[in-house]
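Asker: The structure that follows is given in the form of structure tokens.
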Amino acid sequence: MKPQAFHAGAALVDADAGWLRFDGIAKRFGRFTALAGIDLAVRQGEFVCLLGPSGCGKTTLLRILAGLERQDAGALWLGGRDIGHLPPAARHYGIVFQSYALFPNLDVAANIGYGLRTDRAAKQRRVQELLDLVGLAGAGAKYPAQLSGGQQQRVALARALATSPSLLLLDEPLSALDAQVREHLRRELRSLQRKLGVTTLMVTHDQEEALALADTIAVMSQGRIEQVGTPEQVYRQPASRFVADFVGRANWLPVQRDARGAFQLGGVRIACEDTLDASATTATLFCRPEDVRVQPHWLPGANTLMAHVDRVDFMGGVRRASLSLCAAHDVEILADLGPNDAGFHALIPGQRVPVTLQPERLRLFEATPP
Amino acid sequence: MSALALSRGPRTLRSPDEHLAAAAVWLLAGVFVLFLAAPLAAILVKAVQAPDGSFAGLAQLTSLLAEARLRDAVSNSVLLALATTAVVLPLALAFAFALTRSRLWGRPAWRLVALAPLLAPSLMPAISLVYLFGNQGLLKSWLGGTPIYGPLGIVMGEVFYTFPHALLVLATALAVADARLYEAAETLGAGKLRRFLTITLPNARYGLVSAGMVVFTLVVTDFGVPKVIGGQINVLALEAYKQVIGQQNFGKGAVVGLLLLLPALLSFFVERHLARRHGASMSGRSVAYRARRNRVRDVVLGIVCGATALFLLALLGVAVAASLIKLWPYNLAPTLAHFDFDHVDGGGWGAFRNSLGVATLTALGGTLLVFATAYLTLKTPAPRAPAALIRALVLLPMAVPGLVLGLGYIFFFNHPGNPLHALYGSLAILVAATVIHFYTTAHLAMVTALRQIDGEIEAVARSLKRPWWTACLRVTLPISLPALLDVARYLFVSSMTTVSAVVFLYTPDTTLASIAVLSMDDAGDTAAAAAMATLIVASSLLATLLINALAAWLGRRSQAWRA
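And the structure:
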């Protein structure tokens, strides 16, 4: 793993970087290690996504922060206070679950007002305010079962925000919704979070959701954090093969070091901004499909190889071409091209096309079988 | 890494209100130890004690087993139970099949008729049989000289008593059919018979074994039917009663009690073993099976159901009719004279009032206990040790016959050294024994209902900083009211009809209606016994109807939020 794996993004190096801090949080369930020492710092007002496949420990981490699960080791700091030993009610957060967990026998207004301990008039005002905020004005007298999934989700959000918590916890809040509603609510959630400035921690397995919503993504795998960074960093500079594979699609190309110490792919020298330990004689080159440029004509230059077009799949906005190198047939390269890209029309199965790998987008990883 | 610096604190984090819940869970565990584990342990102790209190080991068991009387009782019990099971299972299977897999007309009504025996004490069919086939019986000639007092009467009475229990198990087992399996089999070319043999029967196998176990155990431990109509036949349940009540021989009574525990314990473990294997095959979302039109099937099933229903209604109706008629079968003029219990033994209307009181307290207190226990252990961060203890103990009553539980209560609470000795002879001990005797079924129903409610509701409520009882009273309790009513109805009816759980525990002041039926019949006042049994059925029926009406009213009120 790269040394910068645990470095926070540049935007994070603020004075208040450790407003919420996980400090060596560990948790086991019997013989299964759910969390193996998690360190993570969250800035006030930040939107952090815990991203990972199911079973990676992300939900356990959220439940530990919520006080619903007890950590075996480690500390939790919130605003300079150790909250790791407090019951849920003393931690001051709002939470939205995937199932929403709305109280089915209480109407929307009573659901939202459940946590409010003010007099009736003030409660009514606050509930009204929240209904307006989530765009459900007038739905106060309805029961959860009478609302659509998206509306229920908004009620759950309003209920979580009612007591103006300093922390908002979201456990896969959008994954029970269908695609269109999900995208719509995603935007609303983002603007609402910006507007209120509430520090938000969201658990999701949907990388697209994480990339679109988060200020910072923490990618988790097998109870560990693989990388913390901005969506851009996680996508462009994955710290590990796991991150590169989990977030987006990736090409993995075997390269060898030549006599002068440069890496070669299929006999062509590859210019690359990334470096690797000088002792490594072989390596794996990482490259996103959209960073593979297909040229309409052969132009001799750095990082350009001839490839054979095996297959072209129509994917809506782009076409995904499966190519194999002419110099090494067993090396497959995926390339995503939009209709406005120069080489788009050259993509005909059976044809040979020149492809260029952009040096600034390439990353080197130790050569291990994928 | 700091993970090495393990700082193990309490496993769960509790706010002050949740500490209160934890204390309540400890308290409840104490209640179950006191009213369930301790009495059962007392039987074990008594069984290995000589009458003078010294340790006797297995001496009592061996001396009992040496008696021909007891060996007879054991073999009679087993043979009668096997015979009853052999009759009930096919009948109940056909009936359950008709209810769940046919288009037989009026299935809900058939179901009600089949479940009607649940409203009656097991003594009632025996009384009816005496009226029908006894020495002055109307249909005595049908039996062609075979006396009804004996194996024949016992089996007929037990069939009536156990039929609804078997039906409930089998109807549940058949109701979960997955239509997709039948469709898949059909597309693969399997005919009707092959589908029945390869899908229906294997799926019902668990239900069949389980229903067989239920029937067998009920018959072995039932005491009402053989007492009334058994004649000279001795069975284990009667033997326990005779040893304890007749001869005051508690040690031998305890040994017989342990023998009674055997079939129940065996079926308990077989059932749990099967349930574990069965569970895996039933997961996943299934599509409800809908029966297709098939005239032959429906007519055949209609005949079987009709005959069974006639038998059940006859055994229920004859006793009711006899109680309202001057002198069955000679003077058929209607009268209420048999309901004047002043001139017969058994406690009369006082016993009936006691029964109503015990049943009401059992229903209210039992439902409260069942809900509180299930809620606190499932929905609050309960401490692990007492919660695990409770979970293990509450499954026990299912495996303990009422007679055995009652014995344990005498041994434990009647012990002069017990500070709870004052409970002995009170109505409270009858309520406690009844609640515990019927606890498992009620508990499982409540747990099922609570598990259906999203567990994250409590997590959200905790995050919103209101104490757990707010969420409980405002959300969970209202949602689970239908299940609460089911439990209350079950406990009320069961405690009205039970004999075995209370037969060792009543005193002349606290005698109950079901016990009164027994005493009246014993004294030869059969008409009065029939009248008292009729009262029991009437009050069980009334309570059932009232609670059903309440449930329907609640259902209408909650229609708005139940989608």
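Protein chains in written order, with the numbering used here: chain A, 1 to 370; chain B, 1001 to 1563.
Note that the Cβ used here is the ideal one computed from N, Cα and C, for glycine as well.
1) Report the three-state DSSP secondary structure of B:L1327 (helix, strand or coil).
2) Given a limit of 9 Å on CB to CB distance, which residues of the segment 99-115 of chain A reach chain B?
3) With a threshold of 7 Å on Cβ separation, who are the neighbours of B:T1100 within its own chain once the five nearest residues in sequence on each side are excluded?
4) For the putative contact between B:S1102 and B:R1297, defined by C-beta atoms under 8 Å, what is the C-beta separation to the nearest angstrom?
5) Do you know how far the Cα of B:R1180 is from the Cα of B:G1284?
6) On a Cα-Cα basis, can you pick out the residue from B:W1468, B:D1486, B:P1467 that is closest to B:M1446?
7) For A:Q222, which residues of its own chain have a beta-carbon under 7 Å away from its beta-carbon, when the five flanking residues on both sides are left out?
8) Span of the alpha helix (DSSP H) holding A:S279?
9) Counting contacts by CB-CB distance shorter than 7 Å, is B:P990 in contact with chain A?
10) By alpha-carbon positions, which one of A:Q295, A:A259, A:V294, A:N303 ends up nearest to A:T282?
11) Show which residues of chain A have a CB atom less than 7 Å away from the CB atom of B:P1478.
12) For A:L196, which option in A:A160, A:V228, A:E172, A:T216 has the closest C-alpha, if you only look at C-alpha atoms?
13) Can a CB atom of chain B be found closer than 7 Å to the CB of A:A259?
14) Using DSSP with H/G/I as helix, E/B as strand and the rest coil, what is A:P300?
15) Using a C-beta cutoff of 7 Å, does A:P88 count as contacting chain B?
16) Just checking my contact of B:A1533 with B:M1124 at CB under 8 Å: how many whole Å lie between their CB atoms?
17) Is there a C-beta anywhere in chain A that falls below 7 Å from the one on B:K1465?
18) Report all residues from its chain with a CB closer than 7 Å to the CB of B:L1550; omit the five preceding and five following residues, and keep chain order.
19) Could you give the first and the last residue of the continuous beta strand (DSSP E) run that contains A:V294?
20) Here's a check: name, in chain order, each residue in its chain whose Cβ is nearer than 6 Å to the Cβ of A:P238, leaving out the five neighbours to either side.
21) State the Cα-Cα distance for the pair B:I1325 and B:I1199, rounded to the nearest angstrom.
22) Secondary structure at A:Q227, three-state DSSP: helix, strand or coil?
23) Quick check on A:A145 - is its C-beta less than 7 Å from some C-beta in chain B?
24) Look at the Cβ atom of B:G1134, then the Cβ atom of B:I1148, and state whether they are nearer than 7 Å.
25) What is the DSSP secondary structure of A:F103, reduced to helix, strand or coil?
26) Listing by chain order, which chain A residues have their CB less than 7 Å from the CB of B:A1560?
27) Answer with yes or no whether the minimum CB distance from A:G18 to chain B is below 7 Å.
28) I want to see whether chain A comes within less than 7 Å of B:R1293, judged by CB atoms only; does it?
29) Please compile the residues from chain A whose C-beta is within a distance smaller than 7 Å of the C-beta of B:I1457.
30) Starting from B:F1160, trace the beta strand (DSSP E) in both directions and tell me its first and last residue.
31) At 8 Å on the CB atoms, spell out the chain B contacts of A:T163, in chain order.
32) I'd like the span of the beta strand (DSSP E) that includes A:S221, first residue to last.
33) Hey, A:V268 and A:I333: beta-carbon distance below 7 Å or not?
34) List the residues of chain B that A:G140 touches, going by C-beta distances under 7 Å, in chain order.
35) When the Cα atoms are used, what is the spatial distance from B:V1358 to B:A1531?
36) On the DSSP bridge list, what partners appear for A:A36?
Answerer: So, from the listed chains and residues:
1) In this structure, DSSP gives B:L1327 an extended state, which the three-state scheme calls strand.
2) Taking 9 Å as the Cβ-Cβ cut-off against chain B, the residues of the segment 99-115 of chain A that qualify are S99, Y100, A101, L102, F103, P104, N105, L106, D107, A110, Y114, G115.
3) Closer than 7 Å at the Cβ level, and outside the excluded window around B:T1100, lie A1171, L1174, A1175.
4) Contact annotation, B:S1102 with B:R1297: C-beta distance approximately 6 Å; criterion of less than 8 Å satisfied.
5) At B:G1284, the pLDDT of 45 sits below 50, so the modelled position is not reliable and the matter cannot be decided from this model.
6) Residue B:D1486 is the option with its Cα nearest to B:M1446.
7) Hits under 7 Å: C56.
8) Where A:S279 is concerned, there is no enclosing alpha helix (DSSP H), given that its DSSP letter is neither H nor E.
9) Nothing can be reported for residue 990 of chain B: it is not among the residues displayed for chain B, which extend from 1001 to 1563.
10) Out of A:Q295, A:A259, A:V294, A:N303, A:A259 has the C-alpha closest to the C-alpha of A:T282.
11) Chain A residues near B:P1478: N105.
12) Comparing Cα-Cα distances from A:L196 to each of A:A160, A:V228, A:E172, A:T216, the minimum goes to A:A160.
13) Not closer than 7 Å to any Cβ of chain B, the Cβ of A:A259 fails to qualify, so no.
14) Residue state, collapsed to three classes: coil.
15) At a cut-off of 7 Å between C-beta atoms, A:P88 counts as an interface residue with respect to chain B.
16) At roughly 4 Å, the Cβ-Cβ gap stays under 8 Å, so B:A1533 and B:M1124 are in contact.
17) Proximity of B:K1465 to chain A, defined by a Cβ-Cβ separation below 7 Å, is satisfied.
18) By the criterion of a C-beta distance shorter than 7 Å, B:L1550 is surrounded in its chain by L1485, once the five residues flanking it on both sides are discounted.
19) Run containing A:V294: 292-294, per the beta strand (DSSP E) assignment.
20) Closer than 6 Å at the Cβ level, and outside the excluded window around A:P238, lie A244.
21) If I take the Cα positions, the gap works out to 51 Å.
22) DSSP, read as helix, strand or coil, puts A:Q227 in strand.
23) It does; some Cβ of chain B falls within 7 Å.
24) Contact flag set, yes.
25) Three-state result, A:F103: coil.
26) The contacting residues are Y143.
27) It does not: the Cβ of A:G18 has no partner Cβ on chain B nearer than 7 Å.
28) Against chain A, the CB of B:R1293 has no partner CB under 7 Å away; the residue lies outside that interface.
29) Residues of chain A whose Cβ lies closer than 7 Å to the Cβ of B:I1457 are, in chain order, A101, F103.
30) Counting along the chain, B:F1160 falls outside any beta strand (DSSP E), though it belongs to the alpha helix (DSSP H) covering 1151-1175.
31) For a Cβ distance threshold of 8 Å, residue set L1464, K1465 of chain B lies close to A:T163, ordered along the chain.
32) For A:S221, the enclosing beta strand (DSSP E) starts and ends at 216-221.
33) In this structure, A:V268 sits away from A:I333, with a CB-CB distance that is not shorter than 7 Å.
34) Per Cβ cutoff of 7 Å: no residues; A:G140 is ~14 Å from chain B at best.
35) Looking at the backbone, the Cα of B:V1358 and that of B:A1531 are separated by about 20 Å.
36) As DSSP reads the structure, A:A36 sits in a beta bridge with A:A26.
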